[in-house]
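Sequence order for the protein chains is A and B.
Following the UniProt record's numbering, the numbering of the first sequence begins with 1 at its first residue and continues without gaps.
Following the UniProt record's numbering, the numbering of the second sequence begins with 1 at its first residue and continues without gaps.
By construction, the Cβ of each residue, glycine as well, lies at the ideal position given by its N, Cα and C atoms.
For reference, the structure discussed in these notes is given below.
Number of protein chains: 2
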Amino acid sequence: MAKSHDDLRRDAVAVARGLVVGEGTAALTVRRVAEAIGCSVGTIYNIFADLDDLIVHVAATVLDEMHDALFAAPLPDEPVAALRDLAQRYLAFAVAHPRLWTMLFEYTTASERPMPDWHLERIARLVADVQAHAAAALDGSGADVKASVDVLWASVHGITALALRGKLGIVTAESAGALADRLVVTFLAGARAERDPGPAGRVARPAGRGPGSAAGAGR
Amino acid sequence: MAKSHDDLRRDAVAVARGLVVGEGTAALTVRRVAEAIGCSVGTIYNIFADLDDLIVHVAATVLDEMHDALFAAPLPDEPVAALRDLAQRYLAFAVAHPRLWTMLFEYTTASERPMPDWHLERIARLVADVQAHAAAALDGSGADVKASVDVLWASVHGITALALRGKLGIVTAESAGALADRLVVTFLAGARAERDPGPAGRVARPAGRGPGSAAGAGR
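Next up, the structure:
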């Protein structure tokens, strides 16, 4: 009995994922996927628009697994501890799945198609769940939660990227956990100090300087 | 009159840089460089050990330019303002030279050779100059300056990387400047709050939890 389209799609995504895990995204071709599941190249192109479409389907499984890695195990009740754990779980997921993580963030699609809604919804769910924990850790300071999550996530992402690549000898896989933890703890302390300035908080914002005031780098 | 090795080397690096700027690192081949400067492929291999060696020479010029972009123009005397400016200058340099910046951080060398000393010295100079400003901004808190610079730089790097790629729709080139500024200001406020805890600093470190305590992501 011929495989259904759903079965073929599932098999193709699994094979594609295996190729990325084993050899990296550059090794992934429609031909190799077709050969591995015993169908024609044309059949793959009946199921997926192109290689980018297949890669987005693999990326969706990575996002699902990242969500599990972040949230499946219970987090501490204490919000700052929960956010610190989330940063370490994100880093650990990247270290455990370096090629899948690299595919997710560094692969540039050839097509100009926007990401499909089911993919964007996975991203939105991840962001919303992290924001919920960040809102608690920021102690209900309100309006800045989204920007703070953006900063924290992009920063942990940067530490992770440098750790995986070992670039410039500054961040290693060994030191990344401690750096990410220092980032989260210090940033949260700073956010609280800004909201509720003590002797430390008051000196942090020089008078007359706002975000982006130095954006003209070549002055 | 035949070009000297020094002239050929300088020309080859300039052509290679132009190929990276125009088309990205993947477009850079020894053959194209040889054709552009009118010599044989063998001549290029007399001057450079391999393509990686040529790329490291291009990378050295990028590090020199990055140092200029960060430090050539006067920085504010006030140390926090200086560090905020440095973050914006780093981001602006990456936005102005996305393919050179990507080459520097995302190119993986095929050879196992360590980076040459003259390359490592450029990196060390950049790090030392940033650390000098960070030490002042951290108000002489001493032992943590190196780790704080590592965190801040890796974090700004992460914001920059996501801005250049426009990944996940979270960081854009427009928002990156504000996010990087928030990161620096909030992190410095947090570092000061930890050193000199007021009502805000005291709540930042939950008892019994140290860096890396949550590194086992799969618990």
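CA-to-CA, the gap between Asp68 of chain B and Leu86 of chain B works out to about 11 angstroms. DSSP, read as helix, strand or coil, puts His97 of chain A in coil. Of all residues in the region 63 to 91 of chain B, the ones placed with a Cβ closer than 7 angstroms to any Cβ belonging to chain A are Ala69, Ala73, Glu78, Val80, Ala81, Arg84, Asp85, Gln88, Arg89, in chain order. Judged by DSSP secondary structure, Arg165 of chain B falls within the alpha helix (DSSP H) whose first and last residues are 145 to 165. Closer than 9 angstroms at the C-beta level to chain A, one finds these residues of the region 143 to 165 of chain B: Asp144, Ala147, Ser148, Val149, Asp150, Val151, Leu152, Trp153, Ala154, Ser155, Val156, His157, Gly158, Ile159, Thr160, Ala161, Leu162, Ala163, Arg165. When Cβ pairs closer than 8 angstroms are counted between the two stretches, the region 178 to 187 of chain A is seen not to touch the region 109 to 122 of chain A, the count staying below three.
Met115 of chain A sits in coil when the DSSP states are folded into three classes, being neither helix nor strand. Distance from the CA atom of Val56 of chain A to the CA atom of Phe93 of chain A, rounded to whole angstroms, is 19 angstroms.
In this structure, the CA atom of Val20 of chain A is about 11 angstroms from the CA atom of Ala59 of chain A. One finds Ala147, Asp150, Val151, Ala154 in chain A with Cβ atoms closer than 8 angstroms to the Cβ of Leu179 of chain B, taken in chain order. Contact of Thr186 of chain A with chain B by beta-carbon distance below 7 angstroms involves Phe187, Gly190, Ala191, Glu194. Assignment of Tyr90 of chain A by DSSP, reduced to helix, strand and coil, places it in the helix class.
Of all C-beta pairs linking the region 26 to 33 of chain B to the region 71 to 82 of chain B, fewer than three are shorter than 8 angstroms, placing the two stretches out of contact. The beta-carbon of Arg182 of chain A is placed less than 8 angstroms from the nearest beta-carbon of chain B. Apart from the 5 residues on each side of it in sequence, Ala27 of chain A sits with its Cβ closer than 7 angstroms to the Cβ of Leu19 in its chain, given in chain order. Taking all protein chains shown into account, Gly177 of chain A has 16 or more neighbouring C-beta atoms within 10 Å of its C-beta and is therefore buried. DSSP places Gly24 of chain B in the coil class of the three-state scheme, outside both helix and strand. Taking a C-beta cut-off of 7 angstroms against chain B, the contacting residues of the region 94 to 107 of chain A are Phe105, Glu106, listed in chain order.
When the Cα atoms are used, Gly190 of chain A and Ala49 of chain A turn out to be separated by approximately 47 angstroms. Taking all protein chains in view, the Cβ of Glu194 of chain A is crowded by 16 or more other Cβ atoms within 10 Å, so the residue is classified as buried.
Going by beta carbons, Gln131 of chain A and Val145 of chain A fall inside the 8 angstroms limit. Of all alpha-carbon atoms in A:Ala12, A:Ala73, A:Leu91, A:Glu65, the one lying nearest the alpha-carbon of Asn46 of chain A is that of A:Ala12. Nearest Cα to Ala73 of chain A within the set A:Arg89, A:Gly38, A:Ala96: A:Arg89. Apart from sequence neighbours up to five positions away, the residues of its chain that approach Thr109 of chain B with a beta-carbon distance below 6 angstroms are Asp52, ordered along the chain. As the crow flies, the alpha-carbon of Ser148 of chain B is around 54 angstroms from that of Cys39 of chain A. DSSP places Gly38 of chain B outside both helix and strand once states are collapsed to three, so it counts as coil.
DSSP places Phe71 of chain A within a helical segment (H, G or I) once states are collapsed to three. Scanning B:Ala14, B:His5, B:Asp181, B:Asp7 for the CA closest to the CA of Leu100 of chain B turns up B:Ala14. Remark: C-beta atoms of Arg10 of chain A and Asp64 of chain A do not approach each other more closely than 8 angstroms.
Residues Pro79, Val80, Ala82, Leu83, Leu188 of the same chain have their beta carbon placed closer than 8 angstroms to that of Ala137 of chain A, with the five preceding and five following residues left out of the count. The C-alpha of Glu106 of chain A is placed about 26 angstroms away from the C-alpha of Val41 of chain A.
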